[in-house]
Structures are given as C-alpha cells and as structure tokens.
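Novice: Heads up, the sequence shown is in our numbering, so the first residue is 1291 and it goes up one at a time. Before I ask anything, here is the structure I am working with.
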Amino acid sequence: MKPTHSTPDSGTGIFRAANDALEHAGCAGGPRSPRLGLVLSAGGARGLAHVGVIQVLEENGIPVTAIAGTSMGAYVGAVYAAGLDGAGLERLAREIPDRKALRAMLDFAIPPTAGLIRGNRIRRHLERTLGDLTFEQLRRPLMVVATDLDALQSHVFDSGPVAPAVHASAAIPGICTPVQLGGRRYTDGGAVDPLPVTLLRSRFDVDLVVAVNVLPTYDDLERCKDAAFTSLIRKTSIVSRLLRPVNLLADGNVLDTFRRALMCAQVGLVEKEAREADVLIHPFHCGSSWCDFENHDRYIETGRMAAERALPAIRALISSTATPTPTSHEIPPINSGLGCVAA
C-alpha cells in the first residue's frame, strides 16, 4: 500500500511535484542502487550550499535513502525529506533576500535573560514551511541533532513534529533562547555534533555515507587569513565605522562573537566526523559568513561545484556496492528512499 503523506503546499505545488517525482524514482531493470546516507552540517548561511549539492545529486540520478542534519543542515534536510526538490529548495532560499529581511526575523528579548533572541518569529517561519509534518510522514527518513542543555549531550529527534525539532537544532546558544520541548531545553546541535556521520551510521541501514561540511577546517582558516585582512580593509569605510556599534551582526560584535566561540568547538568535531564518511564534500570559500543569507546564489553555486568534483568518487562507490535488482514483490516502498541511478 502506498504510504500517505500530508506535505505542506503553501499554494506553490512544489511539494506535490517533488512527491510525484519520488513515486517514479524506482526502475525495473539493472542493478539496485545502494542505500546512500546524506549528512548535512551546521553552518548558518553557508548551509545554503547544501541546496547546490542536492541539486547535483538529483540531476545525476543519485538517490538519497536517509538524511542526518544539524542546525542549517537540519533545516535543508527536513525540507528535502518532506519532498521538496532542488529547484524548490533554491526558491525557498530566496525567502531571505537581504540583511533587512534577516533582521526582521530577529525578535529581541527584553530583558535578554535566556538569550538575545526569543525565536518566536523563527519558529513561525519553520511552521509555515514545514506545517505540522511529523518525522513519520516524511518522504525520506530524517535525523535531526540538537544539544540537550539539561543532559549536557546531543539529542536526536527522529519522531514527532519536525518543525520544533529543527527549531531546537538551530537555536544558537547565547543568541537564541533555548527551545523548550517535553520539559527539556535544547539549543543548536552544532555545539556537540555539527556533522553527525557516526550517528547516521548507527541509526540508519545505509551502504555508504556522503557528508557535506560547509564549516571551515583548520586549513581553511590558515588559507583565508589574507582574504580576511582584505575584507577588513573593505569594511572600514566611514559609514561602516559609524554603523558598527549598532550592527549586532558586524564582525567582532556580540552575535558574531557568540558564533565564533561556538565555531571553536565545531572545527575540531567536524574534522573527526569527516573521517568517518565515505565521501566528503566541502563547499567552502574564503569570505563566507554564517549570516550572509542574501548571497544565496553564491553559496548554492559553491555547493554545486563541490558536488560535481565529488561525482566520480560517489559513482565509483555506487558501482562497487550495487546489488542485483530484487524481484518485484521485494522492491521496498517509496518511503525507504531507494531508487535507481540513471544510466
């Protein structure tokens, strides 16, 4: 029996079109594609590169069986798991066209006892995008990672409502008020597991794992020193200096300082987890910023280019792990996320 899914439509038809495409993802002949797990890292606006990676996988007929994501990776992964395709994800990325639109989503807490931002506007945005979808209704299995502040460890959401789980996974500690769910407090999963490769392997039956890391590595930080210096000079105009004290998103100001402190832990955690992936895709460029949402085209293109470079390695792994096609009564339901790689 075909599973029933109540995906949000928002009047655009993009979820419906993507689901129709998934219904025809299987094929009758040739080897069956191995189960591929996709891990999407934290990274703020840099996570828009995940959209470009997903587009390239789709265009090359490479199906994704299961997804694990943290923070921005959880958001992109959740919408993709709900049925939105790469083109729809790109349209969604354009909903925050500039810094003004980003600031409109920041409802500052007065007094800021638990965080600088209450997060109610972010929650409503997620609810508009994901509706009342539960993990059980998703087109692909999804795992969302958050930080449990009471248990002082990572927490995996894989059942119940999706939108609150993504909200918890993306609540930057110190900046966003912790998300209360079931009597517990949750914040950004990037603090404990920004690239959850090991968790995906332990919870999902996959044959290979492709991980997408949009956070900088230690090598990136060294390589980008000159670019950072050039950027600093460019930003020291008279107007920039005058606006800097009131721009909380400016380099070195309070939000940027909180975020950079979090990144100190993330860089080391990511390098450890990256070694556990079969293929690592690293869409990163000097000068990128966690809050630079208006440059979505640049990040999406960076993701596409990195994914295209990784295609030979992914195809080689798929070929080496492909198994004969099962008989018709053995073909798993569409909800498993299995399909066939295009010839």
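Heads up, the beta-carbon is just placed ideally off N, CA and C, and yes, glycines get one too.
Which one or two residues does DSSP pair with Ile1407 in a beta bridge?
Specialist: Answer by DSSP bridge pairing, in chain order: Phe1398 and Cys1466.
Novice: Would you call the CB atoms of Val1260 and Gly1473 closer than 8 Å?
Specialist: With the chain covering 1291 to 1633 only, the question about residue 1260 has no answer from this structure.
Novice: Pick out whichever of Ala1399, Ala1368, Glu1349 and Val1341 has its Cα sitting closest to the Cα of Arg1384.
Specialist: Ranking the options by Cα distance to Arg1384, first place goes to Val1341.
Novice: Using a 10 Å radius around the Cβ and a threshold of 16 neighbouring Cβ atoms, would you call Phe1231 buried or exposed?
Specialist: For the chain, the structure presents residues 1291 to 1633; residue 1231 sits outside this window and is missing.
Novice: If you draw a straight line from the alpha carbon of Ile1608 to that of Leu1347, how long is it in whole angstroms?
Specialist: So the two alpha carbons sit approximately 12 Å from each other.
Novice: Could you tell me which uninterrupted alpha helix (DSSP H) segments, each at least 4 residues in length, are contained entirely in the segment 1322 to 1402, listed from first to last along the chain?
Specialist: Segments of the alpha helix (DSSP H) lying fully in the segment 1322 to 1402: 1339 to 1349, 1362 to 1372, 1376 to 1383 and 1389 to 1394.
Novice: Tell me whether Phe1583 sits in a helix, a strand or coil according to DSSP, three-state version.
Specialist: In this structure, Phe1583 counts as helix in the three-state DSSP scheme.
Novice: Please confirm whether Ser1331 and Leu1485 have their CB atoms less than 8 Å apart.
Specialist: Their beta carbons are under 8 Å apart, which means Ser1331 touches Leu1485 by this criterion.
Novice: Note down the Cα distance separating Thr1477 from Ala1394, rounded to an integer number of angstroms.
Specialist: Taking the straight line joining both Cα atoms gives about 21 Å.
Novice: If you follow the alpha helix (DSSP H) that Thr1488 is part of, which residue opens it and which one closes it?
Specialist: Thr1488 -> alpha helix (DSSP H) spans Val1487 to Arg1493.
Novice: Assuming Leu1432 contacts Gly1367 (C-beta within less than 8 Å), just tell me the rounded distance between them.
Specialist: Sure, about 6 Å apart at Cβ, within 8 Å.
Novice: For Phe1519, is the classification buried or exposed, using 16 other Cβ atoms within 10 angstroms of its Cβ as the cut-off for buried?
Specialist: With a pLDDT of 40 at Phe1519, under the threshold of 50, the modelled position of that residue is not reliable, and the figure given next carries that caveat. Phe1519 should be labelled exposed.
Novice: Beta-carbon within less than 6 Å of Ile1462's beta-carbon, same chain only, minus the 5 sequence neighbours each way: which residues are those?
Specialist: Around Ile1462: Asp1478.
Novice: Just to confirm the assignment, what range does the beta strand (DSSP E) spanning Ala1436 have?
Specialist: Element bounds for Ala1436: Leu1432 to Asp1438.
Novice: Could you tell me the alpha carbon to alpha carbon distance between Arg1491 and Asp1568, rounded to whole angstroms?
Specialist: Near 11 Å, if we compare the C-alpha coordinates of Asp1568 and Arg1491.
Novice: Take the Cβ of Gln1556 as the centre, count every other Cβ of all protein chains shown within 10 Å, and call the residue buried at 16 or more, exposed below.
Specialist: So Gln1556 ends up on the buried side.
Novice: Measure the CB-CB distance between Val1487 and Glu1563 and report whether it falls below 8 Å.
Specialist: For Val1487 and Glu1563, yes; Cβs fall inside 8 Å.
Novice: Tell me where the alpha helix (DSSP H) around Val1452 begins and ends.
Specialist: Segment Val1452 to Ser1459, the alpha helix (DSSP H) holding Val1452.
Novice: DSSP on Ile1478, reduced to helix/strand/coil?
Specialist: Reading the sequence as shown, one finds Asp at residue 1478 and not Ile. Three-state result, Asp1478: strand.
Novice: What did DSSP end up calling Leu1471 once you bin it into helix, strand or coil?
Specialist: Leu1471: strand per DSSP, three-state reduction.
Novice: Please state whether the Cβ-Cβ distance between Ser1361 and Ala1612 is less than 8 Å.
Specialist: Result no, Cβ atoms of Ser1361 and Ala1612 do not sit closer than 8 Å.
Novice: I need the DSSP call for Ser1449, collapsed to helix, strand or coil.
Specialist: Correct three-state label for Ser1449: coil.
Novice: By the DSSP assignment, the beta strand (DSSP E) with Leu1570 in it spans what residues?
Specialist: Note, Leu1570: beta strand (DSSP E), Val1569 to Ile1571.
Novice: Who pairs with Ala1501 in a beta bridge, going by DSSP?
Specialist: Answer by DSSP bridge pairing, in chain order: Val1329 and Leu1570.
Novice: Can you tell me where the alpha helix (DSSP H) with Glu1512 in it begins and where it stops?
Specialist: Note, Glu1512: alpha helix (DSSP H), Tyr1508 to Arg1513.
Novice: Taking Gly1376 as the reference, give the member of Leu1511, Glu1598, Pro1602 and Ile1590 with the closest Cα.
Specialist: The residue with the shortest Cα to Cα distance from Gly1376 is Ile1590.
Novice: For Ala1441 versus Phe1447, is the C-beta distance shorter than 8 Å?
Specialist: No; because the gap between Cβ atoms is not below 8 Å, this pair is not in contact.
Novice: Work out the CA separation of Ala1339 and Thr1592 for me, nearest whole Å.
Specialist: For Thr1592 and Ala1339, the distance between alpha carbons rounds to 6 Å.
Novice: Using beta-carbon positions only, say whether Asp1497 and Arg1605 come within less than 8 Å of one another.
Specialist: The answer is no: Cβ separation not under 8 Å.
Novice: In chain order, what residues of the same chain have a beta carbon less than 6 Å from the beta carbon of Cys1278, not counting five sequence neighbours either side?
Specialist: Here the chain has residues from 1291 to 1633 only, and residue 1278 is not among them.
Novice: Do Ala1371 and Arg1413 have their C-beta atoms closer together than 8 Å?
Specialist: Not closer than 8 Å, so no.
Novice: Could you name the residues of the same chain whose beta carbon sits closer than 7 Å to that of Ala1551, not counting the 5 residues immediately before and after it, in chain order?
Specialist: For Ala1551, where only same-chain residues beyond five positions count, there are no Cβ hits under 7 Å.
Novice: In terms of DSSP beta bridges, what is Thr1419 paired with?
Specialist: DSSP lists no partner for Thr1419.
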